[in-house]
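To start, the structure itself, in structure tokens.
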Amino acid sequence: MPLSDSDLLAIWLSLRLAGTVTLVLLLVGTPIAWWLARTRGWWKGPIGAVVALPLVLPPSVLGFYLLVAMGPSGPIGRLTQSLGLGLLPFTFWGLVVASVIYSLPFMVQPLQTAFEAIGDRPLEVAATLRASPLDAFFTVAVPLALPGFLTASILTFTHTVGEFGVVLMIGGNLAGITRVASVLIYDHVEALEYTEAHRLAALMLIFSFLVLLAVYAWRPNPKKGS
Amino acid sequence: MMKSLFLVLCCLWLAESAAWAEKITVAAAADLKFAMDELVSVFKNANPGAQVDVVYGSSGNFYSQIKEGAPYDLFFSADITYPEQLVTGGLAASDVKPYAFGRIVLWSGSLDASRMTLESLADPKIARIAIANPQHAPYGKRAQEALQAAGLWDKIEPKLVYGENIAQTAQFVESGNAQVGIIALSLAVNPELASKGGYWLIPDKLHQPLKQAYVITKRAENNALARRFAEYMGSKPARTVMIKYGFGLPGEGSGNQGNQGSQTQ
Chain P
1 MPLSDSDLLA IWLSLRLAGT VTLVLLLVGT PIAWWLARTR GWWKGPIGAV
51 VALPLVLPPS VLGFYLLVAM GPSGPIGRLT QSLGLGLLPF TFWGLVVASV
101 IYSLPFMVQP LQTAFEAIGD RPLEVAATLR ASPLDAFFTV AVPLALPGFL
151 TASILTFTHT VGEFGVVLMI GGNLAGITRV ASVLIYDHVE ALEYTEAHRL
201 AALMLIFSFL VLLAVYAWRP NPKKGS
Chain B
1001 MMKSLFLVLC CLWLAESAAW AEKITVAAAA DLKFAMDELV SVFKNANPGA
1051 QVDVVYGSSG NFYSQIKEGA PYDLFFSADI TYPEQLVTGG LAASDVKPYA
1101 FGRIVLWSGS LDASRMTLES LADPKIARIA IANPQHAPYG KRAQEALQAA
1151 GLWDKIEPKL VYGENIAQTA QFVESGNAQV GIIALSLAVN PELASKGGYW
1201 LIPDKLHQPL KQAYVITKRA ENNALARRFA EYMGSKPART VMIKYGFGLP
1251 GEGSGNQGNQ GSQTQ
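Those protein sequence lines, which keep their order, are chains P and B. Residue 155 in our numbering sits at position 155 of the first sequence, with consecutive numbering throughout. Count along the second sequence from 1, add 1000, and you get the number used in our numbering.
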């Protein structure tokens, strides 16, 4: 079953979006996860809850607020316009911003768990060897948390590929810009093109399964130790 | 604990099935959003006790759902081809009944669209124009035809964004993210939208007619309320509501009804 050009364009867009979001979230999510793992302040609860919100919020809530906030009279829209960036809805970067929010917990939570598992001791040892906190983070914490980084990145990537509702609400269905694979499947179904829908849908199913299989199969078994 | 939960579920089930006798669920194309709300409330006044639930969405989506056994008793499509296919597929309990002709308009939330024409869309100050997705939304197809007939499609296509259905298209414009949209007249005459900016009726010479029709679905074959609602659609009160929302009615021509809507009501 050959894929059409518009299928390929949509798949490529999905991968590009997911890749961009994963990179952005590695930069944004890592400090948040680190802070959440190390802090003992009372802010930990509220911030942790905010980070987890996209797990439970319906995509329609996010999509609605983002559409309004990014619009010409919304706070984000006014900011982007004053910076000369125009408006974010119906653009690739609009989807990136939305997906970063939407996939935030998928990056932060596995990382936080990985950082917490390191414990204080390796960092204390690093400190006695006169490593600065930043140095200790990169030379001690990051290598120890590497499996966590891998899991977090894969989950973020696949979750972004699987995003649908928010994209539908702020995307405007533009080929090569906002028409990602999940939206194109929906279009095919609506246009009663079941064969085309099935082709893409089956591909998504296999892709998602293989990725999750990789995550679960390679996850080290904590009982056996390593 | 389990026992009381079971009881609650039983009560819910009983309540549900008791209501079945006088209950219908209507699947209606998104362009009917405001008109159908009013149609139903008029119907309910005349039929106390009748329960009419309406679900709004895209006609193509409803068609696929009904094919897969969705629990809709009546299907009001924005495009006559979907009900026709249901009849052909043996999934309908009535003939295809045309109920209206839709019209498309230029509408803006921020500009005075009543002074615009299709040519105005080429203005570089207008960066985003919303239409419904021509791939599967009837109003989107007609919008595309009109732009093509006006010779503007190539110029305007790069500015277009596509709504999943006509209501989402209107919402793209209402939120200000698109400056102008081509939406259904029946939505533009709604006070909430009409108060914001004007609209301009797109000449229906420029596109194929938006012939809309409904059917009673197979599952409602023996549902008396569904039949009553279908009969009501042909009645004077129902036709008055439809005309108020700018629909052309079958048997009355389709060209001029919309114009009277250009004054906000």
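Even glycine gets a Cβ: it sits at the ideal position worked out from N, Cα and C. Just so you know, these numbers come straight off a predicted model, no measurement behind them.
The alpha-carbon separation between N1165 (chain B) and A1127 (chain B) amounts to approximately 21 Å. About 28 Å separates the CB atoms of V1189 (chain B) and G1151 (chain B); that is not less than 8 Å, and the two are not in contact. With fewer than 16 other Cβ atoms inside 10 Å of its own Cβ, E124 (chain P) counts as exposed.
By the CB criterion at 8 Å, P105 (chain P) and L55 (chain P) fall inside the cutoff. Residues of chain B with a Cβ closer than 7 Å to the Cβ of A191 (chain P) are, in chain order, G1060, Q1135 and H1136. Distance from the CA atom of R38 (chain P) to the CA atom of S99 (chain P), rounded to whole angstroms, is 26 Å.
Unbroken alpha helix (DSSP H) stretches of 4 residues or longer found wholly inside the stretch 1113 to 1172 of chain B: 1138 to 1149 and 1153 to 1156, given in chain order. Around the C-beta of K1125 (chain B), fewer than 16 other C-beta atoms lie within 10 Å, and the residue is accordingly described as exposed.
Under the Cβ distance rule, N1222 (chain B) does not count among the residues neighbouring chain P, no pair being separated by less than 8 Å. At a C-beta separation below 8 Å, V1173 (chain B) has no neighbours in chain P, since its nearest C-beta there lies roughly 11 Å away. Listed in chain order, the positions of the stretch 1091 to 1115 of chain B with a beta carbon within less than 9 Å of a beta carbon of chain P are S1110. Put simply, the backbone Cα of E1084 (chain B) is about 31 Å away from that of L3 (chain P). Its chain contains L123 and A126 as the residues whose beta carbon lies nearer than 6 Å to that of A136 (chain P), once the 5 sequence neighbours on both sides are disregarded; these appear in chain order.
Scanning its chain for C-beta atoms nearer than 7 Å, with the 5 sequence neighbours on each side dropped, one finds around Y1232 (chain B) the residues F1043 and A1238, in chain order. Residue burial annotation: Q1212 (chain B) is buried, with at least 16 other C-beta atoms found within 10 angstroms of its C-beta.
When secondary structure is reduced to three states using DSSP, D1031 (chain B) falls in the helix class.
Between the stretch 1048 to 1063 of chain B and the stretch 179 to 192 of chain P there are three or more C-beta pairs closer than 8 Å, enough to call the two in contact. For A191 (chain P), no beta strand (DSSP E) encloses it, and the DSSP letter there is neither H nor E. About 7 Å separates the Cβ atoms of L67 (chain P) and N1177 (chain B), confirming a contact at the 8 Å cut-off.
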